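Peer 1:
Protein chains: 2
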Amino acid sequence: MKFPKIPMAAINRLSIYIRALEELEEQGTKVISSERLAKQCGVNPAQIRKDLAYFGEFGVRGVGYRIEDLIREIKEILGLDRTWNIAMIGVGNLGSALIRHGNFIKHGYVFAAAFDIDPHKIGKRLPNGLVIHHIDDLEKVVKECDIHIGVIATPASAAQSVANQLIIAGVNGILNFAPAQIQVPECCHVENVDFTIKLDSIAYHLSTTGT
Amino acid sequence: MKFPKIPMAAINRLSIYIRALEELEEQGTKVISSERLAKQCGVNPAQIRKDLAYFGEFGVRGVGYRIEDLIREIKEILGLDRTWNIAMIGVGNLGSALIRHGNFIKHGYVFAAAFDIDPHKIGKRLPNGLVIHHIDDLEKVVKECDIHIGVIATPASAAQSVANQLIIAGVNGILNFAPAQIQVPECCHVENVDFTIKLDSIAYHLSTTGT
DNA sequence: TGGTGTGAACAACTTCACAGCG
DNA sequence: CGCTGTGAAGTTGTTCACACCA
Numbered sequence: 001m002k003f004p005k006i007p008m009a010a011i012n013r014l015s016i017y018i019r020a021l022e023e024l025e026e027q028g029t030k031v032i033s034s035e036r037l038a039k040q041c042g043v044n045p046a047q048i049r050k051d052l053a054y055f056g057e058f059g060v061r062g063v064g065y066r067i068e069d070l071i072r073e074i075k076e077i078l079g080l081d082r083t084w085n086i087a088m089i090g091v092g093n094l095g096s097a098l099i100r101h102g103n104f105i106k107h108g109y110v111f112a113a114a115f116d117i118d119p120h121k122i123g124k125r126l127p128n129g130l131v132i133h134h135i136d137d138l139e140k141v142v143k144e145c146d147i148h149i150g151v152i153a154t155p156a157s158a159a160q161s162v163a164n165q166l167i168i169a170g171v172n173g174i175l176n177f178a179p180a181q182i183q184v185p186e187c188c189h190v191e192n193v194d195f196t197i198k199l200d201s202i203a204y205h206l207s208t209t210g211t
Numbered sequence: 001m002k003f004p005k006i007p008m009a010a011i012n013r014l015s016i017y018i019r020a021l022e023e024l025e026e027q028g029t030k031v032i033s034s035e036r037l038a039k040q041c042g043v044n045p046a047q048i049r050k051d052l053a054y055f056g057e058f059g060v061r062g063v064g065y066r067i068e069d070l071i072r073e074i075k076e077i078l079g080l081d082r083t084w085n086i087a088m089i090g091v092g093n094l095g096s097a098l099i100r101h102g103n104f105i106k107h108g109y110v111f112a113a114a115f116d117i118d119p120h121k122i123g124k125r126l127p128n129g130l131v132i133h134h135i136d137d138l139e140k141v142v143k144e145c146d147i148h149i150g151v152i153a154t155p156a157s158a159a160q161s162v163a164n165q166l167i168i169a170g171v172n173g174i175l176n177f178a179p180a181q182i183q184v185p186e187c188c189h190v191e192n193v194d195f196t197i198k199l200d201s202i203a204y205h206l207s208t209t210g211t
């Protein structure tokens, strides 16, 4: 296979495969077929083979995939064979809970700085030792701490201006928890985590399929 | 238009349209064209017209859409012309932050109960007045409080068993924050909010487009 | 033999282009 | 005249079916 266009959805599924594979590895499994992995991930077996084939030939015909190797390959594909320094912007309820949340560090994402705009918070120290900086120091701190990803946990009204500041600071990966669509230049990649949309979708399904 | 199959993506966009429309309404705008709304939401104008046409004819040719009416129509479509009682399962960092987070109530989702499995937490009262119940009381409390949606904010390892208990209790809408794929029967609708997947996607983009 | 890798068929979603109506 | 509503075309993503190989 040459240089196919890779569906976004395929990338997201790789993360899901990794989780399943790591679980299997813990249980001591060495090799797995696309069929069994598919069942565990709730997808189609052909989907898995195609997703992996976008990036190379990782399987052994008649056998399956060696789990240890496959985990390493997928991590390399996704750029997870390293750690990523990230910054939290907005240290309110959600922001501080996310910083304390163990899932980031477990996957190699390290909160290297935190920012807010509230004068009462600036200079305070978070439980994990991070000092809260003023948002105006973003560019300086981003450089100092080698930060590549920004997490926006501000109110919706502030999201766009924070995004602008992140981009000026040279950050071009943004995880946006604010319920707002933010506009960014081509070079920057934004992912939205918007649970109001998800809830609305649930409400729709409950409403249409008999409360 | 008769009974077309409605793309999931269209439903999700309706939430985005509502947000933009409510903002416009606050600013005093009365009518808007699909073109202008599209620009604000970052989508194609035809997309908006098609999304809305799945559900009826809400526009006026040569004019556009009356904002007040359109908001009401979309809310009715999504089942947002009422409030929804929801339950939080897992009152850790993330769970308690979400309960305190204002976005749920703002959109008509009311936390009516909270559950955990940690004996030290059972019986404690949250800042908003909710008492933390033991997960084993789920079915009873769900009935008493008329809960239709469950929010899972437990560790991944507990997610599936919590989902099972929710379904037994008669809850068939689940918002899952745990990084795990959960299996549910047809009748139940699950939405996953998995920021590790989103971060991995950002890492991939940063890695492939020159750090 | 059994499971991968993959072209081809299929399905889903998006955008175009324009008829039709206020 | 301008903007909606919509069939048709285009695009993207998924599944099938089987050649191929350890």
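Protein sequences, first through last, are from chains A and B.
The opening position of the first sequence corresponds to residue 1 in the numbering used here, with each subsequent residue numbered one higher.
The opening position of the second sequence corresponds to residue 1 in the numbering used here, with each subsequent residue numbered one higher.
In this text, a Cβ means the ideal position worked out from N, Cα and C, and glycines have one as well.
It should be emphasised that the depicted structure is a prediction, and the values quoted were computed from it without experimental measurement.
(1) Select from 149(B), 83(B) and 13(B) the residue whose C-alpha is nearest the C-alpha of residue 50(B).
(2) Using the DSSP secondary-structure output, state which residues sit across from residue 133(A) in a beta bridge.
(3) Is the Cβ of residue 129(A) closer than 9 Å to any Cβ of chain B?
(4) In the structure shown, what three-state DSSP assignment does residue 92(A) receive?
(5) Here's the rule I'm using: 16 or more other beta-carbon atoms within 10 Å means buried, otherwise exposed. How should residue 131(B) be labelled?
(6) As an exercise, report each continuous beta strand (DSSP E) stretch of at least 3 residues that is fully enclosed by the region 41-74 of chain A, in chain order.
(7) Nearest to residue 9(B) by alpha carbon, out of 26(B), 54(B), 30(B) and 33(B)?
(8) Which same chain residues end up closer than 6 Å to residue 186(B) when comparing Cβ atoms and leaving out the 5 residues on each side of it in sequence?
(9) Go ahead and pull the three-state DSSP assignment for residue 192(A).
(10) Is the beta carbon of residue 85(B) sitting closer than 9 Å to the one on residue 148(B)?
(11) Can you give me the Cβ contacts of residue 146(B) inside the same chain, cut-off strictly under 8 Å, excluding the 5 residues immediately before and after it?
(12) When you check each C-beta in the region 99-121 of chain A against every C-beta of chain B, which residues fall closer than 7 Å?
(13) Would you please state the rounded distance, in angstroms, between the beta carbons of residue 168(B) and residue 15(A)? I believe it to be under 8 Å.
(14) With DSSP as the reference, please indicate the residues paired to residue 87(A) in a beta bridge.
(15) Rounded to a whole number of angstroms, what is the C-alpha to C-alpha distance between residue 47(B) and residue 26(A)?
(16) For residue 63(A), which of 137(A), 33(A) and 205(A) has the nearest alpha-carbon?
(17) Mapping the DSSP letters down to three states, classify residue 122(B) as helix, strand or coil.
(18) Could you tell me whether the Cβ of residue 8(B) comes closer than 9 Å to any Cβ of chain A?
(19) Can you give me the start and stop residues for the beta strand (DSSP E) that residue 175(B) sits inside?
(20) Taking all protein chains shown into account, decide if residue 207(A) is buried (16 or more other Cβ within 10 angstroms of its Cβ) or exposed.
(21) For residue 163(B) and residue 60(B), what's the separation of their Cα atoms in angstroms?
(22) So what does DSSP say about residue 182(A), is it helix, strand or coil?
(23) Under a CB-based cut-off of 9 Å, is residue 173(B) close to chain A?
(24) Helix, strand or coil for residue 99(B) per DSSP?
(25) Are residue 156(A) and residue 19(B) touching if we call contact CB-CB under 9 Å?
(26) What residue range does the alpha helix (DSSP H) around residue 20(B) cover?
(27) Three Cβ pairs or more, each shorter than 8 Å: is that satisfied between the region 88-104 of chain B and the region 118-130 of chain B?
(28) Going by beta-carbon coordinates alone, are residue 70(A) and residue 21(A) separated by less than 9 Å?
Peer 2: Looking at the coordinates:
(1) 13(B)
(2) 115(A)
(3) no
(4) coil
(5) exposed
(6) 64-66
(7) 54(B)
(8) none
(9) strand
(10) yes
(11) 85 and 112
(12) 100, 101, 103, 107 and 109
(13) Between residue 15(A) and residue 168(B) the Cβ distance is about 30 Å, and since that is not below 8 Å, they are no contact.
(14) 113(A) and 150(A)
(15) 46 Å
(16) 33(A)
(17) coil
(18) yes
(19) 173-176
(20) buried
(21) 45 Å
(22) coil
(23) yes
(24) helix
(25) yes
(26) 8-26
(27) yes
(28) yes
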